[in-house]
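Chemist: Here you go, one structure.
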Amino acid sequence: MLQFHYIHHSCFTLNDGKTTLLFDPYLDGNPEGLGPEDIKADVIFVSHYHGDHLGSAYAIAKANDALLVSTAEIANDAASHSLRSYAMHLGGTHRFPFGRVRITPAFHGSGIAGGHACGFIVEFGGKTVYFAGDTSVFGDMALLSRLEKIDVALLPIGDNFTMGPKDARLAAELLAAPLVIPIHYNTWPVIAQDPAAFKRDVEATTHSKVEVVEEGSTLDL
Ligand code: NI
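Under numbering that gives the first Met the number 0, the first residue of the sequence shown is numbered 0, with each subsequent residue one higher.
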């Protein structure tokens, strides 16, 4: 069984009962009051270097001796901080002991010199999960759905810094994922959105179902 736990913003874990994958561990203001010391993770994914995505990645990686997976620029930076890291880049795939990972483009600032923001498609626990990272909608999401049979798509809907709900609806259509989970909204007033309205819109106009997962709660995928 694969469990999705939504901490808040773009921070969540996937757990298959053996291994915990942690994504974009920004913890400031999370409703469970979790600090870096509360997080157990085997592998940490970082989509880009902005503070609300890198978050506490280095502290958690150090405390857990976790492997940090990211683009080369961030992986090299992590290595320079004496952390275990694995460098990939856009379009690359790699099979790890826990599953296979593809790095996808994301149209967004990298936050680090020479870098590129990314998303991840992770084959893990019997599911293929796409975490879009921070991005606009882009037409090659249709290509991603040809490269990988995506079961679950985690899409930002906050607008302003990323795609908003209307654009994320189109992303859901392009990705053709049976399940969509909205993320990266309501963290601050500037990205306030109504996920129930997003759910109604997507389910009325695409083949995807939407699960709105409350911050601090867990969903069996
Ligand atoms: Ni960002």
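From the three backbone atoms N, C-alpha and C, an ideal C-beta is built for every residue, glycine too.
1. With DSSP as the reference, identify every bridge partner of V100, one or two as the case may be.
2. For the alpha helix (DSSP H) containing A62, name the first residue and the last one.
3. For D76, verify whether its CB is less than 6 Å away from any heavy atom of the ligand NI.
4. In angstroms, rounded to a whole number, what distance separates the CA positions of V211 and A176?
5. For T287, tell me which candidate among I38, G90 and E31 has the shortest Cα-Cα distance.
6. So, helix, strand or coil for H52, using DSSP?
7. If we call anything under 7 Å between Cβ atoms a contact, is I182 one with L153?
8. Report all residues from its chain with a CB closer than 6 Å to the CB of D166; omit the five preceding and five following residues, and keep chain order.
9. Do H4 and N29 have their C-beta atoms within less than 7 Å of each other?
10. Does the region 40-48 come close enough to the region 101-119 to have 3 or more Cβ pairs within less than 8 Å?
11. Tell me whether V212 sits in a helix, a strand or coil according to DSSP, three-state version.
12. Going by C-alpha to C-alpha distance, which of A171, E31, E213 and M162 sits closest to V201?
13. Cα separation between G221 and F123?
14. Is the Cβ-Cβ distance between I149 and L169 less than 7 Å?
15. Given T186, which residues of its chain have a CB within under 8 Å of its CB, disregarding the five upstream and five downstream residues?
16. Run the Cβ filter for me: residues under 5 Å from any heavy atom of the ligand NI, listed in the order they occur in the chain.
17. According to DSSP, what are the bridge partners of V42?
18. Quick one: measure Cβ to Cβ for A77 and L67, integer angstroms, because I've assumed they're closer than 8 Å.
Modeler: According to the data block:
1. The partner list for V100 (beta bridge, DSSP) reads H93 and V121.
2. DSSP places A62 inside the alpha helix (DSSP H), whose first and last residues are A56 to N63.
3. No - the ligand NI has no heavy atom lying nearer than 6 Å to the Cβ of D76.
4. Near 15 Å, if we compare the C-alpha coordinates of A176 and V211.
5. Only positions 0 to 220 of the chain appear in the structure, and residue 287 is not among them; the question remains open.
6. Looking at H52 - three-state DSSP - the assignment turns out to be helix.
7. For I182 and L153, yes; Cβs fall inside 7 Å.
8. Contacts found: V136.
9. Inclusion of H4 and N29 in the CB contact set at 7 Å is not warranted, their separation being larger than that value.
10. The count of Cβ pairs closer than 8 Å, one atom from the region 40-48 and one from the region 101-119, reaches three, so the stretches are in contact.
11. DSSP places V212 in coil when its eight states are reduced to three.
12. Minimum Cα distance to V201 is reached at A171.
13. This structure gives no information on residue 221, because the portion of the chain shown stretches from 0 to 220.
14. Taking the C-beta atoms as reference points, L169 is found no nearer than 7 Å to I149.
15. So the qualifying residues of the chain are H7, H8, G28, D51 and G157.
16. The set, ordered by position in the chain, is H49 and D133.
17. DSSP output for V42 lists L20 and L66 as bridge partner(s).
18. About 5 Å separates the Cβ atoms of A77 and L67, confirming a contact at the 8 Å cut-off.
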